[in-house]
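Structure first, commentary second.
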Amino acid sequence: DRIAQNIIKSHLETCQYTMEELHQLAWQTHTYEEIKVYQSKTREALWQQCAIQITHAIQYVVEFAKRITGFMELCQNDQILLLKSGCLEVVLVRMCRAFNPLNNTVLFEGKYGGMQMFKALGSDDLVNEAFDFAKNLCSLQLTEEEIALFSSAVLISPDRAWLIEPRKVQKLQEKIYFALQHVIQKNHLDDETLTKLIAKIPTITALCNLHGEKLQVFKQSHPDIVNTLFPPLYKELFNPDSTTGCK
Numbered sequence: 001d002r003i004a005q006n007i008i009k010s011h012l013e014t015c016q017y018t019m020e021e022l023h024q025l026a027w028q029t030h031t032y033e034e035i036k037v038y039q040s041k042t043r044e045a046l047w048q049q050c051a052i053q054i055t056h057a058i059q060y061v062v063e064f065a066k067r068i069t070g071f072m073e074l075c076q077n078d079q080i081l082l083l084k085s086g087c088l089e090v091v092l093v094r095m096c097r098a099f100n101p102l103n104n105t106v107l108f109e110g111k112y113g114g115m116q117m118f119k120a121l122g123s124d125d126l127v128n129e130a131f132d133f134a135k136n137l138c139s140l141q142l143t144e145e146e147i148a149l150f151s152s153a154v155l156i157s158p159d160r161a162w163l164i165e166p167r168k169v170q171k172l173q174e175k176i177y178f179a180l181q182h183v184i185q186k187n188h189l190d191d192e193t194l195t196k197l198i199a200k201i202p203t204i205t206a207l208c209n210l211h212g213e214k215l216q217v218f219k220q221s222h223p224d225i226v227n228t229l230f231p232p233l234y235k236e237l238f239n240p241d242s243t244t245g246c247k
């Protein structure tokens, strides 16, 4: 229970927006004119904007991990590996907090907008799948405690390549899942919630891989933009030349 309390506290302290703030913003949507502006952007400009927003979200995830006692007790190599391979997965889980399933919109640059806002990226399949995933995760109606624990279980995964102490990572993840099961039993009538959550992990991984593929295609045609205008942390995390990169 101490582990659960620590993780939940870390989550609440490192969310970009509180639930209250998100509720207040929920129906503040981008206007038709604002969406037109996004749609008329060049592919490069919108990729850069998205890279900046993702990097911003990742910085909060790094802070989340640093506040988890068990995570900081892992060796430094494994901490770095888990963050490099799992940070975008946690961003996707957290995205469900800032997703409105009633009108299929997500919070982007201060207001909510739909898939059509990201047309200029030229990555409709990635955008569609990310929205579908967020909608499906929202349908489970997770509490903040559950999002916190599931996020940490996704991050602290013994399946990552090149871990030095996978057994230690596994033990920590098992404790987190045990705590998550306990919280779910308290909050939900549906006994299948944990099973449904675990079943979503391959989808999360596939989404991250698809993001990596899209980035590579973009980088091949716009290497200078990526090298000079994308945030350093984003480039470092998603660099396929690095053995530990999030592909």
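Just so you know, we're using UniProt numbering here: the sequence shown kicks off at 1 and counts up by one.
Every residue gets a Cβ at the ideal spot worked out from N, C-alpha and C, and that includes glycine.
Within the chosen definition, does the region 172–184 reach the region 113–131 through at least 3 CB pairs nearer than 8 Å? These segments do not touch.
Please determine, among Asp1, Ala26, Ala57, the residue with the shortest C-alpha to C-alpha distance to Gln16. Distances from the CA of Gln16 to each of Asp1, Ala26, Ala57 were compared; the closest alpha carbon is that of Ala57.
Where does Glu145 land, buried or exposed, given buried means 16+ other C-beta within 10 angstroms? It is buried - the Cβ of Glu145 has at least 16 other Cβ atoms within 10 Å.
Keeping to the same chain, check which residues put their C-beta closer than 7 Å to that of Ile3; ignore five residues upstream and five downstream. The answer, listed in chain order, is Gly70, Lys175, Ile176, Ala179.
Going by alpha carbons, who is nearest to Val93 out of Cys75, Phe238, Asp1, Ile198? Nearest of Cys75, Phe238, Asp1, Ile198 to Val93, Cα basis: Ile198.
Taking the DSSP output, what are the residues bridged to Glu100? Looking at the sequence provided, one finds Asn at residue 100 rather than Glu. Asn100 has Thr105 as its beta-bridge partners, per DSSP.
Cα separation between Glu165 and Asp191? Straight-line Cα distance between these residues: approximately 32 Å.
Nearest residue (CA-CA) to Thr29, options Glu89, Phe108, Asn136: Just measuring C-alpha positions, the residue of Glu89, Phe108, Asn136 sitting nearest Thr29 is Phe108.
Among all the DSSP beta bridges, which residues are the ones paired with Lys9? Per the DSSP secondary-structure output, Lys9 pairs with nothing in a beta bridge.
Figure out for me which residue from Ile35, Ala206, Trp47, Phe64 has the closest Cα to the Cα of Met115. Among Ile35, Ala206, Trp47, Phe64, the Cα nearest to that of Met115 belongs to Ile35.
Give the single residue among Cys50, Thr18, His23 whose Cα lies nearest to the Cα of Phe230. Nearest C-alpha to Phe230 among Cys50, Thr18, His23: Cys50.
Taking Cβ positions, are Leu233 and Thr14 nearer each other than 7 Å? Their beta carbons are not under 7 Å apart, which means Leu233 does not touch Thr14 by this criterion.
Per-residue DSSP class, three states only, for Lys41: Shown here, Lys41 sits in coil according to DSSP, grouped into three states, outside any helix or strand.
Ends of the alpha helix (DSSP H) at Gly110? Per DSSP, Gly110 belongs to no alpha helix (DSSP H) and is neither H nor E.
Return the residue from the list Val62, Lys41, Gln79 that minimises the CA-CA distance to residue 251. Because the chain is modelled from 1 through 247, residue 251 falls outside the range shown and cannot be assessed.
Short CB-CB distance (under 7 Å) between Pro101 and chain B: In the structure shown, chain B cannot be found, because there is only a single protein chain.
Under a three-way DSSP split, which group does Ser242 fall into? Because the pLDDT at Ser242 is just 48, under 50, the model does not fix this residue reliably, and the value given afterwards should be weighed accordingly. In the structure shown, the three-state DSSP call for Ser242 is coil.
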